[in-house]
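Chemist:
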Amino acid sequence: MSEPEDQDELGALPQTRSISRWDRLWRPFWVLPTVIIVLATLAGIFMPELDRGLDDELPYFFPGGASGARDMLGNIAGAMISVTGLVFSITMVVIQLASSQYSPRVLGDFLSSRVTQVTLGIFAASFTYALTVLRSVQGESGEGGSFVPQVSVTLGFLLVLASVGMFLAFIHHITNSIQVSSIVSHLGDATVDVVDRYLPHPDTPGSRLGLSSWEPGPDLTAQTLEAVEHGAVVEVDHRRLVSWAAERDVVVEILLQVGDFVPEGAPAVRVWPRAGAEEVDEDDLKPLRGMVVVEKDRFFHQDPSFGVRKLVDIAERALSPGINDPTTAIQVLDELHRILRMVVLRAELPALVTREGTVRLVHRPQRVEQLVDLALAEPLHYGKDTLQVPRRVVAMLEDLLTVALPDHRPGLRRWLAAARAQVGPVGEVGEG
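According to the numbering used here, the sequence shown holds residues 25 to 456 in order.
1. Between R272, S344 and V142, which lies nearest to P311 when the distance is taken from Cα to Cα?
2. Residues in its own chain within less than 6 Å of L343 by CB, not counting five upstream and five downstream?
3. Among all the DSSP beta bridges, which residues are the ones paired with R221?
4. If you count every other CB in all the chains shown that lies within 10 Å of the CB of F285, and 16 or more means buried, which is it?
5. May I ask you to verify whether the stretch 129-142 touches the stretch 329-338, counting CB pairs closer than 8 Å and requiring at least 3?
6. Considering R272, what are the terminal residues of the alpha helix (DSSP H) in which it resides?
7. Going by beta carbon distance, what residues of the same chain come within less than 6 Å of S26, once the five residues before and after it are set aside?
8. Which residues share a DSSP beta bridge with A103?
9. Just how far apart, CA to CA, sit V450 and E340?
10. Check whether the Cβ atoms of L404 and V417 sit closer than 8 Å, and answer yes or no.
11. Entirely within the stretch 375-440 and at least 4 residues each: give me those alpha helix (DSSP H) ranges in chain order.
12. Skipping 5 residues on each side, what residues in its chain have a beta carbon closer than 8 Å to that of V50?
13. Once DSSP output is grouped into helix, strand and coil, what is the label at Q141?
14. Mapping DSSP to helix, strand and coil, what is A292?
15. Give the DSSP bridge partners of L249, in chain order.
16. Can you tell me where the beta strand (DSSP E) holding E302 begins and where it ends?
17. What residue range does the alpha helix (DSSP H) around E359 cover?
18. Identify, in the order they occur along the chain, each residue of the same chain with its Cβ nearer than 6 Å to the Cβ of S209, setting aside the five sequence neighbours on each side.
19. In this structure, how does DSSP classify F285 when only helix, strand and coil are distinguished?
20. Which word fits P83, buried or exposed, when buried means at least 16 other C-beta atoms lie within 10 angstroms of its C-beta?
21. How about A443 and L424: are their beta carbons less than 8 Å apart?
22. Between V260, T215 and A292, which lies nearest to E250 when the distance is taken from Cα to Cα?
23. Is S176 near the ligand ADP, in the sense that its beta carbon is under 7 Å from a heavy atom of that ligand?
24. Look at the Cβ atom of A401, then the Cβ atom of L360, and state whether they are nearer than 8 Å.
25. Buried or exposed for A419, please, with buried defined as at least 16 other CB atoms from any protein chain shown within 10 angstroms of its CB.
26. Per the contact definition of three or more C-beta pairs closer than 8 Å, is the stretch 304-323 in contact with the stretch 249-265?
27. Decide if the stretch 369-378 is in contact with the stretch 211-225; the criterion is three or more beta carbon pairs, one per stretch, under 8 Å apart.
28. With a 10 Å radius around its C-beta and 16 neighbouring C-beta atoms as the bar for buried, classify H196 as buried or exposed.
29. Identify the continuous alpha helix (DSSP H) that holds E239 and give its terminal residues.
30. Who pairs with F171 in a beta bridge, going by DSSP?
31. Which residue from F330, D327 and G381 puts its Cα closest to that of V275?
32. Is the beta carbon of G163 closer than 8 Å to that of I61?
33. Do Q390 and V304 count as a contact pair if the criterion is CB distance below 8 Å?
34. Should F134 and V111 be called a contact, given that it needs their Cβ atoms to be closer than 8 Å?
35. Which whole-angstrom value is the C-beta distance of V175 and L74, which I expect to be below 8 Å?
Next up, the structure:
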């Protein structure tokens, strides 16, 4: 098969980014601060050695003696470790506030903030750097004579200035990040990005491959690959799965949808051989585990419903009797409107993918109707006794019906009828 044909057949598969080892390496909160601290410690070791080869008196660098250098480095170390504790405490307070006010599922967005990570890293790095350089300062009575690493001490002062700058940036970031508008907008941007890569355009080459159903032959027996760890399905590498199946002349069936939870030992993948063909060797099945990835937490990479789920959680929390903040729920509905407007303009992802006329992949993609149901069901349920929520949902659905593809309109009309029933006679009353 020629390369253009192959691209055409796979054109409707989602253009999603795989989670690389590099991504996994940098994902934990502690990695970037640790790297900054290690670099600062190495600089504290080697910079004094470079100082030894320079002139004794350098203009524009630290002019004091050994006692002044020790005092300055000691003060830097003491101040930086204190402020590091302050920054960490502020971060914990913000995390607790976000968890209780909005949703525990937004914590990952705060912890993944590079501003927070770099701030903690710079403060801790200033502490370790100052202590490391302090070891190399020698007084008049020292065995090696007097030695003051002027450049190294000056660099410590510059790290303090960088810490002050990062502290200001951190405070600005924190005050903005806890605003509901910022949280909702960030979640909306991430979800729109995933939807854009996940759901195909109606005229995407390869959409014709979305067959309605597939059944294995009556005499075929599938080889089942079970999950070895519990968690959520975060990645399905569709293209590699199709290539793997075509090379071995089998059909790969993914039993789980991206975002689904799977316990250890539960069936995750089935491999169906062609009639009369031998089973795939067990060692040859192992690469499939790298193509269907299960992790403890869900991620945005291939999961449009995850962003919708987070937004709906915020709306539910706002509509709870303890908080009773329907205006926040309206802000969430506005962002959901933005997401659904893109969703209803897209075609369904084909559940069956063929190569050279033969079905090679059977999977369970997230559907447009599923995303619409997730976005509307719970806000309408918990907001039925409010004036704002039903009317806002009605306005949203009326707009979506003007742009939606014909296949998506029946579901939207059902939700519109349900929302109008909740509005009732108060729907004719103005917003005021």
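Where is the CB? At the ideal position from N, CA and C, for every residue including glycine.
Modeler: On the basis of the coordinates in this document:
1. Taking each of R272, S344 and V142 in turn and checking the Cα distance to P311, the smallest one comes out for R272.
2. Excluding residues within five positions, the ones whose Cβ falls inside 6 Å are A353, Y406 and G407.
3. Looking at the DSSP assignment, R221 forms no beta bridge with any residue, so it has no partner.
4. By the 10 Å Cβ count, F285 comes out exposed.
5. Contact between the stretch 129-142 and the stretch 329-338 is present: three or more C-beta pairs spanning the two stretches fall below 8 Å.
6. Residues H262 to R272.
7. Residue placement at S26 cannot be trusted, given a pLDDT of 35 that sits under 50; the coordinates are not used to answer.
8. Answer is none; A103 lacks a bridge partner.
9. Residue placement at V450 cannot be trusted, given a pLDDT of 48 that sits under 50; what the coordinates show is reported in the next sentence. A direct Cα-Cα distance of roughly 22 Å separates V450 from E340.
10. Cβ atoms of L404 and V417: closer than 8 Å.
11. Runs of the alpha helix (DSSP H) inside the stretch 375-440: 392-406 and 412-427.
12. First, the amino acid is wrong: residue 50 is Trp here, not Val. Around W50, the same chain offers L56 as residues with beta carbons nearer than 8 Å, after the five sequence neighbours per side are excluded.
13. Three-state result, Q141: helix.
14. Correct three-state label for A292: strand.
15. Beta bridge pairing from DSSP links L249 with V293.
16. Counted as a single uninterrupted DSSP element, the stretch harbouring E302 is not any beta strand (DSSP E), since DSSP gives it neither H nor E.
17. Run containing E359: P350 to V367, per the alpha helix (DSSP H) assignment.
18. No residues qualify anywhere along the chain.
19. In this structure, DSSP gives F285 an extended state, which the three-state scheme calls strand.
20. Classification for P83: exposed.
21. At least 8 Å separates the beta-carbon of A443 from that of L424.
22. Its Cα nearest to that of E250, the residue A292 stands out among V260, T215 and A292.
23. The ligand content of the structure shown is nil, which means the ligand ADP is not present either.
24. Their beta carbons are not under 8 Å apart, which means A401 does not touch L360 by this criterion.
25. Looking at its Cβ environment, which holds fewer than 16 other Cβ atoms inside 10 Å, A419 is exposed.
26. Counting Cβ pairs under 8 Å, three or more are found: they touch.
27. The count of Cβ pairs closer than 8 Å, one atom from the stretch 369-378 and one from the stretch 211-225, reaches three, so the stretches are in contact.
28. Exposed, because fewer than 16 other Cβ atoms sit within 10 Å of the Cβ of H196.
29. For E239, no alpha helix (DSSP H) encloses it, and the DSSP letter there is neither H nor E.
30. F171 is bridged to Q162.
31. Nearest option by C-alpha distance: G381.
32. The criterion of a C-beta distance shorter than 8 Å is not satisfied by I61 and G163.
33. No, they are not a contact pair.
34. Result no, Cβ atoms of F134 and V111 do not sit closer than 8 Å.
35. V175 to L74, Cβ: 7 Å. Contact.
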